[in-house]
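First residue of the sequence shown? That's 5 in the numbering used here, and the numbers climb one at a time after it.
Note that the Cβ used here is the ideal one computed from N, Cα and C, for glycine as well.
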Amino acid sequence: MPTHTTPSDPDTNAGRAELRDTRVDVKIVLSGLWVAMLFLFAYVDIFGFFRADVIEGALAGEVPGPGITINQAFLAGATGYIVIPSLMVVASLMLRATVNRRLNIGVSLVYAASIAVTCIGESWIYYLMGSTVEVALLLLAARTAWRWPTDDRVPVR
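Spelled out as structure tokens, the structure:
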């Protein structure tokens, strides 16, 4: 009988199952990144309604800061801006790899830039924190799509 035990000894690991790490399909990762970004996006906007300047601006029919009038055109544009990443949740799961990769890289980088631009002149920490994480998630989506796994067995044409 040995005088010492090692982690591979059955007596040492009795009753403990070893956890197995599994690979997550790149499509699921991308979809999850879009979902997380949209949650942050929504909550940052919702938290904005606790700000007096946002409430006063909304009651006056303007977006505070740039002074954009809140009208049907603005709300349709804002809805369109949210529809695209919302569709990316599904598109990331459904599209073929080549189109999926290109679309995720392009859309995530455009949205990362647009979110970064909205931070210019912003002084509220919650907004900057949320936007920073949103941009990080979008850059991670671009990186994930950029590094999309290839099948080396398929001949290059």
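Just the C-alpha distance for W152 and G81, rounded to the nearest angstrom, thanks.
-> Rounded to the nearest angstrom, the gap between the Cα atoms of W152 and G81 is 32 Å.
Where DSSP assigns a beta bridge to T73, which residues make up the other side?
-> E66
Near A40, which residues of its chain fall below 6 Å by C-beta distance, leaving aside the five closest residues on each side in sequence?
-> L141
Closest to G125 by CA distance: which of L34, P70, L63 is it?
-> P70
Distance CB(T73)-CB(G84) smaller than 8 Å | no
Can you have a look at W150 and say buried or exposed, based on whether 16 or more other CB atoms are within 10 angstroms of its CB?
-> exposed
What do you get for V48, buried or exposed, if any count of 16 or more other CB atoms within 10 angstroms of its CB means buried?
-> buried
With R100 as the anchor, note down where its alpha helix (DSSP H) starts and where it stops.
-> No alpha helix (DSSP H) holds R100; DSSP gives it neither H nor E.
Should N75 be labelled buried (16 or more other beta-carbon atoms within 10 Å of its own) or exposed?
-> exposed
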